[in-house]
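Please read the structure below before turning to the comments.
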Amino acid sequence: MTSETPAFPDDFLWGTATAAYQVEGAAAEDGRTPSIWDTFSHTPGRVLGGDTGDTACDHYHRFREDVALMAELGVDAYRFSVSWSRVQPTGRGPAVQRGLDFYRALVDELLAHGITPYLTLYHWDLPQELESPFHGGTAAGGGWPERETAYRFAEYAQAVGEALGDRVHHWTTLNEPWCSAFLGYGSGVHAPGRTEPVAALRAAHHLNLAHGLGVQALRSVLPKRAEVLVSLNPAVVRPRSQSAEDVDAARRIDALANRVFAGPMLHGRYDEDLLADVRHLTDWSFIKDGDVETAHQPLDGLGINYYTPSVVSAAPEGATEVDRADGHGNGTASPWVGAERVAFHQPPGEHTAMGWSVDPTGLGDLLHRYSEEAPGLPLYITENGAAYDDKPDAEGRFHDPERIAYLHSHLDAVARARSQGIDVRGYFLWSLLDNFEWGYGYSRRFGIVHVDFETQQRTPKASARWYAEVARTGRLPEPTAPALD
Ligand code: IFM
């Protein structure tokens, strides 16, 4: 029998999270121009069911209702992202007031309800103008594989910092740069949908550079007390066996999933084995003198997004098809550039509607790993949660016991890591609302609040009530669904 979950301290931060393209809608309002996700989702065959973020949860118009929902839950913080092309429609130049007004109003509404804003600058929605300009703009384009995009990001960071720095004190540069680089330019299951291995590596480097330049830009305009983070989605990579081949497969994936970002950002270096693994693809000459030093900026916290671990092995000799059960969409190209002959295996046991195995030990492992890798750096879980196929009962209520069990087991792992001395300061549940789940459209529901995408009606699920109790008491109630009215 396991011991009782340790309690969380009073100052532990309880939050919920969303991202601009997944919830805002209002895609063409108030001067916003398309991002790469608008273009991608409007391209037939890219997103399940042809779904787009045109309307999403209509958060742009309903944010006051959504903030009121958060206030009812009693959460301390809201993690949201800014749509770059709402603020800088051409991806460059001075910020547009109408775009900023929305975020200012959102932040003021949060503050009025005692909810602390955690602002993420980039959650995957690059202005289309910076990828392949189609508004007759002057941008060179090329997206993240091009160095210029990192400079554009720094300019954007500074503009948003100047506009909102008086009221937002918690900033995140990038969310999950691995997805931007390797799903966007490697497997192509995310926007902009390119399948160019070298471009994916170049993108990874320029995201590292953008992060560093972005931190510098923010620090130059924000008050001293402001905190700057980055949110990574480190993979928990487990070899299927202890054979030398499988252990090496895990090492390769660890390099491409984790160390490619944590190396420069946290340690100011790219590891030799990572560089060597893909030397047949690139000589890495796009890394210029001083880049890794720029990427290595002092941070006030590390955001960790965790959902599921990966089990890998070396692909058997002679196999023509490599198992791509890596939980990242059904693309035929591999996101694991230079490590295409690594097979991914579905761990046994329970799975969420994403097909991701439920394994809270992975979260504990990550917390231990990063507290050792980055001693002294406070950790935040900036995303964790689960998609399930929630259906209403006869009265229209949503009972989601699997999600409650998922949250319970993962929060238990966080509490135990804390009790072992790991400095985890907050937890942001993904997600406040059912929303646009990228290549899966609206078919996967991560919210603790159900959204009817026809009527935009919000209905808190049983998990919302359960989480409210966690946030109120700092303790984990039994993982049984609370009664719904
Ligand atoms: O919905 C996404 C989010 O945008 C980034 N992290 C993973 C979530 C679930 O797939």
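Using my numbering, the letters of the sequence shown map in sequence onto residues 1321 to 1805. Every residue, glycine too, gets a C-beta built ideally from N, C-alpha and C.
* Asked: Residue ranges of each beta strand (DSSP E) run of no fewer than 3 residues wholly in the region 1501-1570, ordered along the chain?
  -> The DSSP assignment places complete beta strand (DSSP E) segments of no fewer than 3 residues inside the region 1501-1570 at 1547-1552, 1557-1559, in order along the chain.
* Can you give the beta carbon distance from Q1776 to D1378, rounded, assuming they're within the 8 Å contact cut? -> Working through the sequence shown from its first residue, we reach residue 1776 at position 456. Working through the sequence shown from its first residue, we reach residue 1378 at position 58. Confirmed, Cβ separation roughly 5 Å.
* Is it true that the CB of R1736 sits closer than 8 Å to the CB of G1684? -> The residue labelled residue 1684 in the question sits at position 364 within the sequence shown. The residue labelled residue 1736 in the question sits at position 416 within the sequence shown. Pairing G1684 with R1736 gives a Cβ-Cβ distance under 8 Å.
* To do: Please work out which residues of its chain come closer than 6 Å, Cβ to Cβ, to W1786, disregarding the five sequence neighbours upstream and downstream, and give them in chain order.
  => Taking the sequence shown and counting its residues from 1, one reaches residue 1786 at position 466. Excluding sequence neighbours, W1786 sits near I1724, P1802.
* **Length of the line joining the Cα atoms of H1443 and D1568** => Here the question's residue 1443 lines up with position 123 in the sequence shown. Here the question's residue 1568 lines up with position 248 in the sequence shown. Cα to Cα, H1443 sits roughly 31 Å from D1568.
* **7 Å CB neighbourhood of A1519 in its chain, flanking five on each side removed** => Within the sequence shown, numbered from 1, the residue matching residue 1519 stands at position 199. The residues are P1465, Y1505.
* Asked: Checking contacts by CB at 8 Å: is Y1747 closer than that to chain B?
  -> Looking for chain B here will not work: only one protein chain is present.
* Asked: Under a three-way DSSP split, which group does D1810 fall into?
  -> With the chain running from 1321 to 1805 in the structure shown, residue 1810 is simply not present.
* Asked: Going along the chain, which residues of its own chain have a beta-carbon closer than 6 Å to the beta-carbon of L1731, five neighbours each way excluded?
  -> Indexing the sequence shown from 1 puts residue 1731 at position 411. Excluding positions up to five away in sequence, the list reads L1796.
* Confirm, please, whether the CB-CB distance from G1419 to R1352 is below 8 Å. => By one-based count along the sequence shown, residue 1352 stands at place 32. By one-based count along the sequence shown, residue 1419 stands at place 99. Yes, Cβ-Cβ distance for R1352 and G1419 is below 8 Å.
* To do: Can you say whether D1445 is buried or exposed, counting buried as having 16 or more other CB atoms within 10 angstroms of its CB?
  => By 1-based counting over the sequence shown, the position of residue 1445 is 125. That one is buried.
* **Supposed contact pair H1381 and A1432 - C-beta distance, whole angstroms, cut 8 Å** => Counted from its first residue, the sequence shown places residue 1432 at position 112. Counted from its first residue, the sequence shown places residue 1381 at position 61. That belief does not hold up - the Cβ atoms of A1432 and H1381 are roughly 18 Å apart, past 8 Å.
* Asked: Which one or two residues does DSSP pair with T1492 in a beta bridge?
  -> Numbered from 1 along the sequence shown, position 172 holds the residue referred to as residue 1492. DSSP output for T1492 lists T1440, L1549 as bridge partner(s).
* **4-residue-minimum alpha helix (DSSP H) runs that sit fully inside the region 1692-1742, ordered along the chain** => Runs found: 1721-1739.
* Asked: I1624 by DSSP, collapsed to three states: which one?
  -> Along the sequence shown, read from residue 1 onward, the residue named residue 1624 stands at position 304. Three-state DSSP puts I1624 in a strand.
* Between which two residues does the alpha helix (DSSP H) containing S1401 stretch? -> Numbered from 1 along the sequence shown, position 81 holds the residue referred to as residue 1401. From DSSP, S1401 is part of no alpha helix (DSSP H) but of the beta strand (DSSP E) over 1397-1401.
* Asked: Straight-line CA distance for L1533 to E1496?
  -> Mapped onto the sequence shown, residue 1533 falls at position 213. Mapped onto the sequence shown, residue 1496 falls at position 176. Cα to Cα, L1533 sits roughly 17 Å from E1496.
* **DSSP state of W1357 mapped onto helix, strand, coil** => Taking the sequence shown and counting its residues from 1, one reaches residue 1357 at position 37. Of the three classes helix, strand and coil, the one that applies to W1357 here is helix, per DSSP.
* For W1786, is the beta carbon positioned less than 7 Å from some heavy atom of the ligand NAD? -> The ligand NAD is not among the ligands present in this structure, which contains only the ligand IFM.
* **D1358 versus I1701 - alpha carbon distance** => As a working mapping, residue 1358 is identified with position 38 in the sequence shown. As a working mapping, residue 1701 is identified with position 381 in the sequence shown. Approximately 28 Å, taken between the alpha carbons.
* To do: Note the first and the last residue of the continuous alpha helix (DSSP H) segment covering G1481.
  => Residue 1481 sits at position 161 when you count from the first residue of the sequence shown. Per DSSP, G1481 belongs to the alpha helix (DSSP H) from 1467-1484.
* Within 10 angstroms of the Cβ of A1425, are there 16 or more other Cβ atoms? Answer buried if so, exposed if not. => The residue labelled residue 1425 in the question sits at position 105 within the sequence shown. So A1425 ends up on the exposed side.
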